[in-house]
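FYI, the numbering for the sequence shown is -21 to -1, 1 to 992, going by mature numbering (1 follows the signal peptide of the UniProt record, and there is no 0).
Built from N, CA and C at the ideal position, the CB exists for glycine as well.
Since this is a predicted model, take the numbers as computed values, not measurements.
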Amino acid sequence: MTKKNIVLLVLAISFSFQIIAQQSATYTSSLVDYQKALSLYNNQQYLAAQSLFGSVQKTAKEDVLQSDCAYYIANCAVRLNQQNADGLVEGFVKDYPTSTKRNTAFVDVADYYFTNGKYAYARKWYDKVDENALGKKEKQKFYFNNGYTAFSTKQFKDAKKYLSKVENSPEYGSQAKYYIGFMAYEGDDYDKANEYFDQVSDQERYKEKLSYYQADLNFKLGNFEKAITLAKARLETSAEDEVSELSKIIGESYFNLKQYAEAVPFLTAYKGIKGKRDRKAKWNNTDYYQLGYAHYKQGDYENAISEFNKIIGGNNAIAQNAYYHLGESYINVDKKQEALNAFRNASQMDFDLKIQEDAWLNYAKISYEIGNPYQSAPQVLAGYLEKYPKTSYKEDIETLLIDSYITSKNYKEALKLLKGKNSFENKVAYQKAAFYRGIELYNENQYLEAESLFDASLSEPRDPKYTARATFWKAETDYNLTNYEDALVGFKQFKQQPESASTPEMENVDYNLAYTYFKLKNYPQATQYFNQFISNKKDDKVRLNDAYLRLGDAYFVSSEYTSAIQAYENAIKLSEIESDYAFFQKAISIGYAGQSSKKIKELEAFILKYPKSKLRDDAMYELGNSYVKANKTDKAMQVYNRLSSEYRMSSFVPKALLRQGLVYYNGSENEGALTKFKKVASDYPGTPEAVQAVSTARLIYIDLGRVDDYATWVRTLDYVEVTDADLDNATYEAAEKQYLDNNTDKAIKQFNGYLNEFPKGIHALQAHFYVAQLYYKKDLLENAAPHYKYVVDASRSEYSEEALSRLSQFYLESKNWNTAIPLLQMLEEEASFPQNVVFAQSNLMKANYQLENYDAAVSYAEKVLRNSKIDNKIKSDAHIIIARSAIKTGNEDRAKVAFAEVEKVATGETAAEALYYNAYFKNKEGKHEASNKSVQKLAKDYSGYKYYSAKGLVLMAKNFYALNDAFQATYILESVIENFKEFDDVVEEAKQELSIIKTEEAKTNSSIQTEGN
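As structure tokens, then:
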């Protein structure tokens, strides 16, 4: 080797040593910093440590040092809860797959999260650990920690897997057994739970917790005495929430041991449980049932009801049982309406068939006793027999069923149910139901329908008393249908039946017979029966007064004036209604009896005594005629003028003018006569008076030799055609003959023929009126209407009043209120007959109500009520109009008074409406129990009127809720929604009330489902 080479070698070696020395110094420096960082890490100064580890990692060249720094940087990130912590750990594992700290990293991170209670995070990292790389002690810790994290995150299958591996470990065994036992407890494996809990029960750390679980386990295993002992021992040292749970265990254990008195205080002490979204603890339906049943078994029915009725919307065996015992509790405190609802609810569930049958039986019996607002009592009883045909109560229920057909007063429904049933008892019930339904229809003026029901009743003559009554009312119906001959036969048959003597109809049968004879113009028989009635009837002054009047009329038309005068005087003495009519007829009778001067005095007295009488214009006309007969023509002319002045719309005005013309004519004052006759002819065209005026004027013109003047004048009258007068008369007389002979169809044909040929004929007015009457008789009111209109539009005549009445009736039946009202107003003003005034006023109130003219409706109703003669039906209508108008206008005080009056006289649907408002106003006043009694009466007596039954039920629900009976309230409302879908307004109100109640009750009962749940 050359010297040069040796030098070079030495230099190289020297340089190499320099590099090694530099590397060694750097490595030593990194190790020092690494050790500093590790020291910081161990002193939990993770942020500083992480920073220094980062610095070391950047300068370190060795893989091991870099991997260890990466491990600790990630570990610090986990402990500092940095967002990228998991990513750093994952990065470490990925970048240094061969690192010995790989498995340790997973364990360390998992253990860190475990120690800090972040079990879901810990579980994630434990899943990454390779358990085979762990030592024995590390494995036990890993198994326990991993099992516990699974337990804490509700992954019980995995929890059991890992904890079972350490259940015999000296360090972890007790804890593992406790948690395995708890999981068995939660999984309802009570025997296994008990086994594991027993193994750790001697350890102090678990005694506190285990005392509750063991008490509950023994309860669930049916060891009730032991459950009570364990739970009671724990009570004094437990927190409030646990006291509640322990009380529940003790209370239910006593309950199951049937020691109900001991159960009550503990069941009551239970506070309930909190739901996920609830701050307040709640009971559920089972809780309420147990406490309620405990009270029930001790005979404490009030408290039993208080608990049972909190069970809302239940639909399981417990609820069925609760509702059944709730019904029994209500029965024991005599609350039958409440019991009906409870039994009905229980009968609609089939969890326990025996309870269902018993509930239905009770439901049926109570329906019979108090009525049923959901369906008629007969339907309920029949439904029970249909479902349980072999019941031991069959005979009792059949007896109730038959009687219920009548007592329910739902005769229409009863007839449907009885149709086709052939037993004697059912046929008796059918006879009565048909009779009472006929009475209902008769009271509603549906005479044809009523007669068919009376015939149906008579077709089953089982009970002689009802056969007699049906005979009477069939005759009464025939009378109203103007079938007087049939009515006469019926009344006579009724009177001949022995059972009639004990019927209420017997009291007035002579009165009815008298009227029928009167209508048949058999006046001798009419007077006989009126006299018989009068001799036996002294207390009913209204009917007695009417009998005297009609007796007087019968004598009058028979020309027995002395007897007529006596009858009218008897009527006047009673000082009842229509004394003006009696006074007037008496005066006329006196005249016919030949006492002309006395007649004049009587008529003069009448005009003074009755200034508002509808007969006053009649009296003036008669007085004028009497003055003429007495040759006191000046007085006659004065009275005729007074009549024309004071009663311009009276049908007697044209008659008075005609009479004045005749007075002038008879006194040879031809010009005066012509003036009067021409006024009648022009102002009252087509009337009989106008025709007579033209005829008499013709004679005057002939006497004066002024035939041309007559011809010129008469051509201005379009209802007189001189050349066709004879044909006109002949055609009319032919039609009139058919009318008088009661040949209805021929008369209609010939009157129409006359009117077609002579539309403005001499007798056009009479023809229109008579053909209208004939159409009316055939119930062809639409055909009659234009003819009545002709009469109404013509000048005032003797036909005007009836034409007004019938035409307005047509428009009323057509619901053409606006057209009917002016006709009714005219009728009210012009009517001579009191019944027509009542007809006008009563229908004016109805028409104005329909048009929402409530003030006018009430005004007419008050007019009607001032008339003392009106019957109860019209009186009821008047009160109902006042009441409804008051409701519509918000005047409930007046409505209350009016509905109370309606209730006194109404029948049928109107009575149901009045009774509903009786309940409504009591509810408004806070008289909830009284309101419910009214609803019960509505259900019992008027169940056929479903709309008011439904509205009454909603009221009842409100009352019950105000009385703290939530079950009744919600059950009733749900039943309304289910059973009365045809009444939209009622169902909507029920839904709103139900929502309010359920929302409120859900605050304390977790079993209640509301729309928000």
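Item	Value
Contact set for residue 631: own chain, Cβ-Cβ below 8 Å, skip 5 residues either direction	596, 597, 599, 600 and 622
Three-way DSSP call (helix, strand, coil) for residue 253 in this model	coil
Proximity to residue 452 [Cα-Cα], best of 439, 443 and 466	466
For residue 984, the three-state DSSP class (helix, strand or coil)	strand
Through-space distance from residue 486 to residue 449, alpha-carbon basis	15 Å
Secondary structure, alpha helix (DSSP H): runs of 4+ residues fully inside the stretch 30 to 91	42 to 58 and 64 to 74
Sequence-distant residues of the same chain with beta carbon closer than 7 Å to residue 418, five excluded per side	452
Buried/exposed call for residue 840, threshold 16 Cβ in 10 Å	buried
Close-in-space but distant-in-sequence residues of the same chain around residue 717 (CB under 7 Å, 5 per side omitted)	725, 726 and 729
Beta-carbon gap between residue 107 and residue 85 smaller than 8 Å	yes
Contacts around residue 405, its chain only, beta-carbon distance under 6 Å, and the 5 residues preceding and following it disregarded	397
DSSP beta-bridge partners of residue 339	None; residue 339 has no bridge partner.
Contact belief for residue 659 with residue 637 at Cβ below 8 Å, rounded distance in angstroms	5 Å
Within 8 Å, strictly: CB atoms of residue 984 and residue 263	yes
Nearest-angstrom Cα separation, counted from residue 440 out to residue 380	20 Å
Where the alpha helix (DSSP H) through residue 357 begins and ends	356 to 366
Cβ neighbours of residue 273 in the same chain (closer than 7 Å, five flanking residues each side left out)	234, 239, 242, 243 and 246
Residue range of the alpha helix (DSSP H) that includes residue 633	631 to 645
Validate contact between the stretch 366 to 377 and the stretch 933 to 944 using beta carbons, cut 8 Å, 3 pairs	no
Length of the line joining the Cα atoms of residue 909 and residue 318	17 Å
Distance between residue 564 and residue 594 (C-alpha atoms, nearest Å)	10 Å
Reduced DSSP category for residue 960 - H, G, I as helix; E, B as strand; rest coil	coil
Identity of the residue in 802, 103 and 32 nearest residue 52 by Cα	32
CB-CB length for residue 415 against residue 390, believed under 8 Å	5 Å
Reduced DSSP secondary structure (H/G/I, E/B, other) of residue -2	Here the model assigns residue -2 a pLDDT of 41, short of 50, so the residue's position is not dependable, and the following value carries that caveat. Helix, per DSSP.
For residue 120, the three-state DSSP class (helix, strand or coil)	helix
Residue 824, enclosing alpha helix (DSSP H) - first and last residue	813 to 829
Three-way DSSP call (helix, strand, coil) for residue 289 in this model	coil
Cα-Cα separation between residue 328 and residue 300, rounded to whole angstroms	10 Å
Residue 133, buried or exposed, once every other Cβ within 10 Å from all chains shown has been counted against 16	exposed
Distance between residue 211 and residue 115 (C-alpha atoms, nearest Å)	44 Å
CB of residue 848 within 8 Å of CB of residue 813, strictly	yes
Contact the stretch 922 to 929 vs the stretch 351 to 360: 3+ CB pairs below 8 Å	yes
Residues near residue 141 by beta carbon distance below 6 Å, same chain, minus five either side	122, 125 and 126
Rounded straight-line distance, which links the Cα of residue 19 to that of residue 1	With a pLDDT of 45 at residue 1, under the threshold of 50, the modelled position of this residue cannot be trusted, and the question is left open.
Beta-ladder partner(s) of residue 261, from DSSP	252
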